[in-house]
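Student: Structure below; questions to follow.
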Amino acid sequence: MVRRKTKLAYIINDAARRITLRKRRHRLLKKVYELSILCNVPACAIIYSPQEKEPEVWPSTGEAGELLNRFNATECLSKENNMMNQEKFLLKKIVKLRGQLSRIMAENDDLAGEILLLECMAGRSVCGLETYELGLVGRAVGRRIDTVEAQTLMLRSSEVETQALPLLLPAPAMDEAAEARILMLRSNEVETQALPLLLPAPALEEMVVGNLDSWTNGVLGWEEGLFSGCTNLFQPDLRG
1 MVRRKTKLAY IINDAARRIT LRKRRHRLLK KVYELSILCN VPACAIIYSP QEKEPEVWPS
61 TGEAGELLNR FNATECLSKE NNMMNQEKFL LKKIVKLRGQ LSRIMAENDD LAGEILLLEC
121 MAGRSVCGLE TYELGLVGRA VGRRIDTVEA QTLMLRSSEV ETQALPLLLP APAMDEAAEA
181 RILMLRSNEV ETQALPLLLP APALEEMVVG NLDSWTNGVL GWEEGLFSGC TNLFQPDLRG
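When the letters of the sequence shown are read in order and numbered with the UniProt record's numbering, they come out as residues 1 to 240.
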């Protein structure tokens with residue numbers, strides 16, 4: 001659960017103020033103790049309470065007095081700049097609130113000028129307006145003129161950028177079936193180029209057609225003639 005931000009203002013209820021003082025004083029002293037241990041720095045805290053005669057001091061009155069004497073003995077400009085009492089704290093808050101008030105008043109004047117401008121555009125005469133109201137209307141008109149000029153410059157700059165770019169025509173749309181056919185044709189072309197050129201062998205049915213016996217006899221006769229020639233070739237010559 002996210003903790004709600006505490007409003008920094010004086011607590012009017014006495015009982016609630018005493019309870020808050022007791023709780024936050026204990027937390028503050030605990031934080032000072034943790035800071036001195038974790039960072040090994042000298043620190044002290046002195047808290048006054050309207051319900052108590054003596055202030056609550058940590059770690060002790062003697063140690064706190066020594067630390068204050070050491071602090072007062074140092075001469076540094078940053079020491080005075082960082083020091084803050086109740087008066088300086090309130091002055092700082094007043095300056096901050098005045099800045100917020102000025103910003104809110106300026107926003108209210110802008111809204112009032114817009115309302116008066118719309119009323120004048122609806123038919124209200126400007127003759128009955130006071131000098132302050134006329135100034136509000138004039139500033140509202142000036143803001144609208146500035147907005148129109150800014151939009152005009154933006155449109156002109158976009159037109160110049162568009163004219164400077166080359167005209168790119170979009171590619172024609174292609175359905176999925178046409179893409180599939182093109183891919184299939186390309187794959188077939190690649191496979192055809194990769195395969196070697198093979199001549200088809202003659203069919204056996206075309207070679208053995210008609211008279212099977214004559215074809216067989218012719219082949220056998222060719223083989224006998226071949227081997228008979230080889231026999232005559234290797235026979236010795238007895239005529240000599």
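Here a beta-carbon is modelled for each residue, glycine too, at the ideal position from N, C-alpha and C.
Report yes or no: do the region 87 to 97 and the region 108 to 125 share at least 3 C-beta pairs separated by less than 8 angstroms?
Tutor: The region 87 to 97 vs the region 108 to 125: no contact.
Student: I'd like to confirm the pairing. Which residues does DSSP put opposite Glu-57 in its beta bridges?
Tutor: The question names Glu, but residue 57 is Val in the sequence shown. Answer is Ile-46, bridged to Val-57.
Student: When the distance is taken between beta carbons, is Ile-47 closer than 8 angstroms to Pro-55?
Tutor: In contact: Pro-55 and Ile-47 (Cβ atoms closer than 8 angstroms).
Student: Applying the criterion that 16 or more other CB atoms from any shown protein chain within 10 Å of the CB defines a buried residue, is Val-148 buried or exposed?
Tutor: Counting Cβ neighbours within 10 Å, Val-148 comes out exposed, since fewer than 16 surround it.
Student: Leaving aside the five residues before and after Val-126 along the sequence, list all residues of the same chain whose C-beta is less than 8 angstroms from its C-beta, in chain order.
Tutor: Correct list, in chain order: Cys-120, Leu-134 and Val-137.
Student: Under a Cβ-count criterion, where at least 16 other Cβ atoms within 10 Å of its own Cβ denotes burial, should Ala-140 be classed as buried or exposed?
Tutor: Flag for Ala-140 reads buried.
Student: Ala-43 and Leu-28: beta carbons closer than 8 angstroms?
Tutor: Contact flag unset, no.
Student: Buried or exposed for Leu-117, please, with buried defined as at least 16 other CB atoms from any protein chain shown within 10 angstroms of its CB.
Tutor: Leu-117 should be labelled buried.
Student: Taking C-beta to C-beta, are Ser-49 and Leu-8 nearer than 8 angstroms?
Tutor: No; because the gap between Cβ atoms is not below 8 angstroms, this pair is not in contact.
Student: Where does Ser-125 sit, in a helix, a strand or coil, going by DSSP?
Tutor: In the structure shown, Ser-125 sits in coil (DSSP, three-state: anything other than H, G, I, E or B).
Student: Starting from Ile-19, trace the alpha helix (DSSP H) in both directions and tell me its first and last residue.
Tutor: Run containing Ile-19: 14 to 39, per the alpha helix (DSSP H) assignment.
Student: As a quick exercise: from Lys-30, Gln-51 and Glu-34, pick the residue whose alpha carbon is nearest that of Ala-15.
Tutor: Here the closest residue by C-alpha is Gln-51.
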